[in-house]
Amino acid sequence: MRQLDNRGKAAIHHAVEAHCWDLLFRILKADASMALFPDAEGYTPLLRAASGGNWFFCKRILMRCPKSIEARDHQGQNSLRLGKVGAFAIGFDGQWMPEMWELLNVGDDKGNTPLHLAVKENQYEKALLLTSSASIYLGAVNKQGLTALDLCESDCQHYNTKVRYPFLIIS
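Sequential numbering from 1 applies to the sequence shown in the UniProt record's numbering.
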């Protein structure tokens, strides 16, 4: 079950990518630790499900293997950071799993929290959801010394310059 194919994936990774709940369930039932097994790109099944916006699978993986919440990709980004929210999310009911809230203020290798990254990537629906938690620390700074609000302000200034002076070329 742990053998990677020529695409660098094991059966559990294919089950997540194909949205095949029955196969994923059978694999996790046989060996829950398979949820900790990364593919060749460094993604565990939980990270892959979160990055694909499949919250139904995320919940099921966490039920079988709670320890999988600790997984990070090669850049130190966790499932909360990689997760999609909104119209493209599968099984997202407007709430994170309790295990995911624990990752709210955890930075990646560059010190960016999930809120920093949501703002950087213009994922404002996700940013609103993250800030709805009373446990979020809005003063968290990344390794550049910037808070998520600093990133919002710089993005807003850049946008205003483009709207007011559309003839300027801004690199």
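Where is the CB? At the ideal position from N, CA and C, for every residue including glycine.
Candidates Asn6, Lys29, Ala35: closest to Val16 by CA position: Ala35
Own chain residues within Cβ distance below 6 Å of Leu23, not counting five before or after: Ala15
C-alpha gap between Ala140 and Asn105, whole angstroms: 7 Å
Local Cβ density within 10 Å of Met1, reported as buried at 16 or more and exposed below that: exposed
Segment limits, alpha helix (DSSP H) that includes Asp22: 21-30
Spatial distance of Lys120 from Pro38 (CA atoms): 27 Å
Pairwise C-alpha distance: Trp21 and Asp150: 41 Å
Gln123 to Thr131 span [Cα, whole Å]: 12 Å
Nearest neighbour of Gly83, chosen from Ser33, Ala32, Trp55 [CA to CA]: Trp55
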